[in-house]
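In the UniProt record's numbering, the protein residues as written are 1 to 138. To keep things clear, I will list the structure first and then write my remarks on it.
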Ligand SMILES: [Fe+2]
């Protein structure tokens, strides 16, 4: 029995899509566990058990971070977004988004010819987004 969260017939999905699916489902489970542990810790009246629950919550955050890093390394689109938005402390996130939209180089816009192969990483500082396609003049 595989994942029950596929949204297309399994035989029509590429190995790459299934691999990414496994990572995404795992990340979802780790983050759900983080949420559960935090809620249980809030609701726990025993101080020692609360500390254990919070410790376990932090372990789940570590697991989520490891899987997110794997996904970033595996998928160039994830890598591009993480490089744009993560660790941008001190700058409003929407300002980061506005800046990224204006950095777009027109030659980067387009779909990969073979979606079953990993996309090659975009050159740094260049982005391709659906949002930027909307405002593009032909
Ligand atoms: Fe975990």
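Glycine included, each C-beta is placed from N, C-alpha and C at the ideal position. Nothing here was measured: the structure is a model prediction, and the numbers come from that model.
**Asked** Is the stretch 82-92 close to the stretch 22-40, with three or more CB pairs under 8 Å?
**Response** no
**Asked** So does residue 22 have its beta carbon nearer than 7 Å to some heavy atom of ligand 1?
**Response** Numbered from its first residue, the chain shown carries residue 22 at position 22. No - ligand 1 has no heavy atom lying nearer than 7 Å to the Cβ of residue 22.
**Prompt:** If we count the other Cβ atoms within 10 Å of its Cβ and call it buried at 16 or more, is residue 53 buried or exposed?
**Reply:** On the chain shown, residue 53 is found 53 positions in, with the first residue counted as 1. So residue 53 ends up on the buried side.
**Request:** Specify, as a first and last residue, the run of the alpha helix (DSSP H) that residue 55 falls within.
**Result:** Working through the chain shown from its first residue, we reach residue 55 at position 55. Where residue 55 is concerned, the enclosing alpha helix (DSSP H) stretches over 47-74.
**Asked** Which residues have a Cβ closer than 7 Å to any heavy atom of ligand 1, listed in chain order?
**Response** 30, 33, 59, 60 and 63
**Prompt:** Can you give the beta carbon distance from residue 71 to residue 8, rounded, assuming they're within the 8 Å contact cut?
**Reply:** Reading the chain shown from its first residue, position 71 is the one you call residue 71. Reading the chain shown from its first residue, position 8 is the one you call residue 8. The Cβ separation is near 20 Å, so there is no contact.
**Message:** For the pair the stretch 10-30 and the stretch 50-66, tell me if three or more CB-CB distances fall below 8 Å.
**Reply:** yes
**Message:** Once DSSP output is grouped into helix, strand and coil, what is the label at residue 7?
**Reply:** Translated into positions along the chain shown, residue 7 becomes position 7. Residue state, collapsed to three classes: coil.
**Prompt:** Leaving out five residues before and five after residue 110 in sequence, what residues of the same chain have Cβ atoms less than 6 Å from its Cβ?
**Reply:** As a first step, residue 110 must be located in the chain shown, where it is residue number 110. Note that residue 110 scores 46 on pLDDT, short of 50, meaning its location in the model is unreliable; the coordinates nonetheless yield the value given after this. No residues qualify anywhere along the chain.
**Request:** Can you give me the start and stop residues for the alpha helix (DSSP H) that residue 31 sits inside?
**Result:** Counting from 1 along the chain shown, the entry for residue 31 is found at position 31. That run of the alpha helix (DSSP H) goes 15-43.
**Message:** Between which two residues does the alpha helix (DSSP H) holding residue 99 run?
**Reply:** The sequence position of residue 99 within the chain shown is 99, counting from 1. Element bounds for residue 99: 93-103.
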